[in-house]
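Participant:
Protein chains: 2
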Amino acid sequence: MSLPKSIKLYEVGPREGFQIEDGPVSTEDKVQFVNKLNHTGLSSIEVTSFVSPKWVPKMADAEKVLNRIERKSNVSYRAVYLNIKGLKRALRNNVKVDGDLLLSSSNTFSKKNTNKDIEETLQNIPNWIEVYQNSGINVNQLSLMTAFGCNYEGNITLSQSLNVLRKAKEIAEINNQTITKIKLADTMGWANPEQIKRTVYTIKEEWSDIDILLHLHDTRGLGIANAYAALEEGVKDFETAVGGLGGCPFAAIKGAAGNIATEDLAFMCEEMGIDTGLDLKELLNCTQVVEKIVGHKLPAHLKSGGILSNIRKYTWAMQES
Amino acid sequence: MSLPKSIKLYEVGPREGFQIEDGPVSTEDKVQFVNKLNHTGLSSIEVTSFVSPKWVPKMADAEKVLNRIERKSNVSYRAVYLNIKGLKRALRNNVKVDGDLLLSSSNTFSKKNTNKDIEETLQNIPNWIEVYQNSGINVNQLSLMTAFGCNYEGNITLSQSLNVLRKAKEIAEINNQTITKIKLADTMGWANPEQIKRTVYTIKEEWSDIDILLHLHDTRGLGIANAYAALEEGVKDFETAVGGLGGCPFAAIKGAAGNIATEDLAFMCEEMGIDTGLDLKELLNCTQVVEKIVGHKLPAHLKSGGILSNIRKYTWAMQES
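Just so you know, the protein sequences line up as chains A and B, in that order.
Each residue of the first sequence is one higher than the one before, counting from 1101 in my numbering.
Each residue of the second sequence is one higher than the one before, counting from 1101 in my numbering.
(1) Is Ser-1235 of chain A buried or exposed, if buried means 16 or more other CB atoms sit within 10 Å of its CB?
(2) What did DSSP end up calling Thr-1148 of chain A once you bin it into helix, strand or coil?
(3) Expressed to the nearest angstrom, what Euclidean distance is found between the alpha-carbon atoms of Met-1368 of chain A and Met-1368 of chain B?
(4) For Thr-1415 of chain B versus Glu-1111 of chain B, is the C-beta spacing smaller than 8 Å?
(5) If I measure Cβ to Cβ from Ser-1204 of chain A and keep anything under 6 Å in the same chain, skipping five residues before and after, which residues do I get?
(6) Comparing the C-beta of His-1080 of chain A with each C-beta of chain B, is any distance below 8 Å?
(7) Please give the ranges of any alpha helix (DSSP H) in the stretch 1280-1346 of chain A, keeping only runs that are unbroken, at least 4 residues long and fully inside the region.
(8) Locate the beta strand (DSSP E) running through Asp-1200 of chain B, then write down its first and last residues.
(9) Is there a Cβ from chain A that is less than 8 Å from the Cβ of Arg-1178 of chain B?
(10) What in chain B is Cβ-close to Asn-1292 of chain A, meaning under 8 Å?
(11) So, with DSSP's three-state summary, where would you put Leu-1103 of chain B?
(12) Enumerated in chain order, which unbroken segments of the alpha helix (DSSP H) with a length of 4 residues or greater are wholly contained in the stretch 1221-1274 of chain A?
(13) DSSP on Leu-1402 of chain B, reduced to helix/strand/coil?
(14) Give the C-beta separation of Gly-1141 of chain B and Asp-1337 of chain B to the nearest angstrom, bearing in mind that I take them to be a contact with Cβ-Cβ under 8 Å.
(15) Within the chosen definition, does the stretch 1224-1239 of chain A reach the stretch 1185-1197 of chain A through at least 3 CB pairs nearer than 8 Å?
(16) Would you verify that the beta carbon of Ser-1210 of chain B is, or is not, closer than 8 Å to some beta carbon of chain A?
(17) Based on the DSSP output, what are the partners of Asn-1359 of chain A in its beta bridges?
(18) Could you tell me whether the Cβ of Asn-1234 of chain A comes closer than 8 Å to any Cβ of chain B?
(19) Using 8 Å as the threshold, is the stretch 1134-1152 of chain B in touch with the stretch 1176-1187 of chain B, meaning 3 or more CB pairs across them?
(20) Along the beta strand (DSSP E) that carries Lys-1108 of chain B, what are the first and last residues, could you check?
(21) Just curious, the alpha helix (DSSP H) that Ser-1126 of chain A is in, first and last residue?
(22) Who are the near neighbours of Glu-1382 of chain B in its chain, counting only those whose CB is closer than 6 Å to its CB and skipping five residues on each side?
(23) Alpha carbon to alpha carbon, how far is Asn-1213 of chain B from Ile-1312 of chain B? Give it in angstroms, no decimals.
(24) Entirely within the stretch 1143-1195 of chain B and at least 4 residues each: give me those alpha helix (DSSP H) ranges in chain order.
(25) Can you check whether the C-beta of Ala-1341 of chain A is within less than 8 Å of a C-beta belonging to chain B?
(26) If the cut is a Cβ gap below 7 Å, which residues of chain A does Asn-1255 of chain B touch?
(27) From A:Leu-1402, A:Lys-1172, A:Gly-1186, pick the residue whose C-alpha is nearest to that of Ala-1160 of chain A; which is it?
(28) Could you confirm whether any beta carbon from chain B is found closer than 8 Å to the beta carbon of Thr-1287 of chain A?
(29) Step through the CB atoms of chain B and report whether any lies within less than 8 Å of the CB of Leu-1182 of chain A.
(30) Under 9 Å between beta-carbons, which chain B residues line up against Ala-1357 of chain A? List them in chain order, please.
(31) Only counting the same chain, and skipping five residues up and downstream in sequence, which positions put a Cβ closer than 7 Å to that of Asp-1129 of chain B?
(32) Which partner residues of Asp-1375 of chain B appear in the DSSP bridge assignment?
(33) Grab the span of the alpha helix (DSSP H) containing Val-1197 of chain A for me, first residue to last.
(34) What three-state label does DSSP hand Gly-1141 of chain B in the structure shown?
(35) Is DSSP giving Gly-1395 of chain A helix, strand or coil here?
(36) Rounded C-beta distance between Gly-1343 of chain B and Glu-1391 of chain B? I'm assuming under 8 Å.
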C-alpha cells in the first residue's frame, strides 16, 4: 500500500497534557495555549475534559476555558468525557461532539478509567446512543483504549480487541447507528510497528469501509515508528500532542513520555511528501509556549534538531551567493 | 521483504558519546562503562578514537583506555580513525581493525571532518589500501558519512551518494580489494523512513551481494522509525549507542539528540520477534551507569517506560495467583 497523500492530526495536548502535569496550570495559561494552537493550521483541538472535579481537579475549569478561548471557524474544539454526565456537560458547552462510544480492551483498565468493566460498558451503549440521539447526533465512532497492551493485564491480543469492537458495533447497529470510524489508543505504549500493521490490516479486512484513527504514546520510544507503520497501512488520522505532552494517569508508570509529538510526526510526513496542512514553525512556537507553562522540557525532538526546510533555504542561499 | 530473524547492534556509545559531552570524562569512568557493556551480550564495542589530541583532547587517553578495559573473547573492541596516522595507531593497539574506507557524500563535511574533500579522499584510497595490506588486512567496507543530508550543503541526493560509492568501489577493485559491506551514516539526522528504504533498495539493486550497516541519529525524532524502515528492507546491522549517547561535533547543532539508543532499538526488535542477543535489563544498567558518568539524563526511552517482558511476567503471576 502506498503512503497517503495527506493526513490530519487531531491535537490533544491541552487536554491530555495538562491533565497529567504535576504542577497547577492556570485557566489563563490553558486559554493562551489554545489561542496559540489556532495559528498552526490544526483543524481539531481537544481543549479539556468533562470529568469529575473531585477526581481530576485540574479539569474543574473546563467550562471557563471553553468560554474564554478564541474560536476560529475552521477549527473544531473538542473535549473528553468518560460517562453520560460528562457527555451532557459537553453538549451544553459548545464543543464539537462526535458520536463516539468509549471502550477498552482491558477489563481492569476499563474499571479504573470509567468505573465500568467491559460487559457493563457494552450494556450501557443504548443509553449513550439515546443521549446522543436526543441531541441529533448519530453514533459513528468506536474508541478502543489499551488496544495493544495493558500494564495491568499484560498482552492484549488482536482477538480480544476485535471481540470488543464486534460486540459494540453490533449493538450500535441494532440501535440503527452506522459505525464509520474506529479509534485505537495505545494508552500505555505497548504497541510495536508490526502489531500496528497487523491490527490495522485485520480491521480493514473485516470492515473495509472503516476509517482508523490512531492515538499513540511514545512511552518506550516506538511512537513515531508506530505512526510510520500505520501510514504504510494507509492510516490518515492521528491524535498527537504538541511537544509530546501527556501520558496516562492510570498507566501506573511515572516519568514515561506522553503522546507522540505533533511537530515530530508532522515533520516526518512533510519530509516524505505527505501534506499535513501544518506550519512547523508555528508548532515549535507552541512547544516553546507550553514548555514555559509546564515549567520543564518536553520530549519532542524537532525543537532541538531544527526544521530541515529552513536549513535547506539557508544552504541554497549560500550556494547561490 | 520480511523482517530479518536476527540483527546485530554495534555499540558506539563510549566513542561517539564521550566525544561530544561538554564535561570531562575520566579514563576510569570510560573503562568502567566498557566493562559494564561487556555484560549485555553486545559483540562489538567501539571504545575510543585515534584522533589528534590537539583537536579532540577528550580522546587523548585512547591507548590508556584500551589497555585497561577487561576483554571478553566473544566481543570485538573497535576504534575510530580519520586518517592514516590514526589507522597506524589503531593497528598498534589491539583493536579489531576493519578494512574500511571512510567517505562522505558532502564535500564541505568531508573537509571539516578529515581535512580532505571528496576528490582528495578518493585519490588517497590506494594509500589506505597499502597500509591495511601491510598489516594483512583486506579492504572490504565503504563507510559513507552524511549519506542522507548535510547541515552545510542541504539535501544530499541518492545519486550523489551512489556516485561516491561507485568511484570508491572501483578504485578498491582496481587495487584487488572486494567490497562486501557498505556503512551509511545519517551523520546529521536528515533521513526519513522512505529515504532509507529508497536508498537501501537502490544499493541492493545495484550490488546484490553487499551487506548494509546503518548509523542513525535521532536528531529530529525519526531515528527508530528509520531503523524500522531499514529492517523492512532487510538491513541486519546497526550502530547504536546506549542511552542515546552521542551526536556529531561538526553538525553545527547544539542540544540535538545523539545516536539511536541501543536499548530502544533492541526493545523494538525483541517485541517484533527479531533476535538481538542482548539483555535489555543489563543495557538499562549501562544507561544508569553512563547517566551518572555524564551527569545528565540521556534521551533513550526504555528506562522510563520499562521493559514489557517484565510487566508481562508480573501480570501473568497476578492472574495465576
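Where is the CB? At the ideal position from N, CA and C, for every residue including glycine.
On a predicted model such as this, the values are computed, not experimentally measured, just so you know.
Facilitator: Taking the definition as stated:
(1) By the 16-neighbour rule on beta-carbons within 10 angstroms, Ser-1235 of chain A is exposed.
(2) It is a strand residue.
(3) Computed Cα separation, rounded: 19 Å.
(4) Not in contact: Thr-1415 of chain B and Glu-1111 of chain B (Cβ atoms no closer than 8 Å).
(5) Within the same chain, Ser-1204 of chain A has close Cβ partners Ser-1210, Met-1245, Thr-1246.
(6) Because chain A spans 1101 through 1421 in this model, residue 1080 of chain A falls outside it and cannot be assessed.
(7) For the stretch 1280-1346 of chain A, the full-length alpha helix (DSSP H) segments reaching 4 residues or more read 1293-1306, 1323-1332 along the chain.
(8) Counting along the chain, the beta strand (DSSP E) containing Asp-1200 of chain B begins and ends at 1200-1204.
(9) With 8 Å as the cut-off, Arg-1178 of chain B does not count as an interface residue toward chain A.
(10) Within chain B, the residues whose beta carbon sits less than 8 Å from that of Asn-1292 of chain A are Met-1368, Glu-1371, Met-1372, listed in sequence order.
(11) Three-state DSSP puts Leu-1103 of chain B in coil, outside helix and strand.
(12) Correct list: 1225-1234, 1258-1274.
(13) Reduced to three states, the DSSP call for Leu-1402 of chain B is helix.
(14) Gly-1141 of chain B to Asp-1337 of chain B, Cβ: 15 Å. No contact.
(15) Yes: the two stretches touch, three or more of their Cβ pairs being nearer than 8 Å.
(16) For Ser-1210 of chain B, the answer is no, since every Cβ of chain A falls outside 8 Å of its Cβ.
(17) In DSSP, Asn-1359 of chain A forms a bridge with A:His-1317.
(18) No, Asn-1234 of chain A lies away from the interface with chain B (no Cβ there is under 8 Å from its Cβ).
(19) Here the stretch 1134-1152 of chain B makes contact with the stretch 1176-1187 of chain B; the two share three or more CB pairs at distances below 8 Å.
(20) Counting along the chain, the unbroken beta strand (DSSP E) around Lys-1108 of chain B starts and ends at 1108-1111.
(21) Bounds of any alpha helix (DSSP H) do not take in Ser-1126 of chain A, whose DSSP letter is neither H nor E.
(22) Apart from the 5 residues on each side of it in sequence, Glu-1382 of chain B sits with its Cβ closer than 6 Å to the Cβ of His-1139, Thr-1140 in its chain, given in chain order.
(23) Cα to Cα, Ile-1312 of chain B sits roughly 22 Å from Asn-1213 of chain B.
(24) For the stretch 1143-1195 of chain B, whole alpha helix (DSSP H) runs of length 4 or above, ordered along the chain, are 1162-1168, 1184-1192.
(25) Taking 8 Å as the threshold, the shortest C-beta distance from Ala-1341 of chain A to chain B does not fall below it.
(26) Chain A residues near Asn-1255 of chain B: Arg-1412.
(27) When C-alpha distances from Ala-1160 of chain A are compared across A:Leu-1402, A:Lys-1172, A:Gly-1186, the shortest belongs to A:Gly-1186.
(28) No, no contact with chain B.
(29) Answer no: the Cβ-Cβ gap between Leu-1182 of chain A and chain B never drops below 8 Å.
(30) In chain order: His-1401, Ser-1404, Gly-1405.
(31) Cβ within range, chain order: Ile-1393.
(32) Under the DSSP definition of a beta bridge, Asp-1375 of chain B partners with B:Ser-1106.
(33) Per DSSP, Val-1197 of chain A lies in no alpha helix (DSSP H) segment and is marked neither H nor E.
(34) Looking at Gly-1141 of chain B - three-state DSSP - the assignment turns out to be coil, as it is neither helix nor strand.
(35) For Gly-1395 of chain A, the secondary structure class from DSSP, reduced to helix, strand or coil, is coil.
(36) Distance from Gly-1343 of chain B to Glu-1391 of chain B at the Cβ level is roughly 6 Å; contact confirmed, criterion being Cβ atoms closer than 8 Å.
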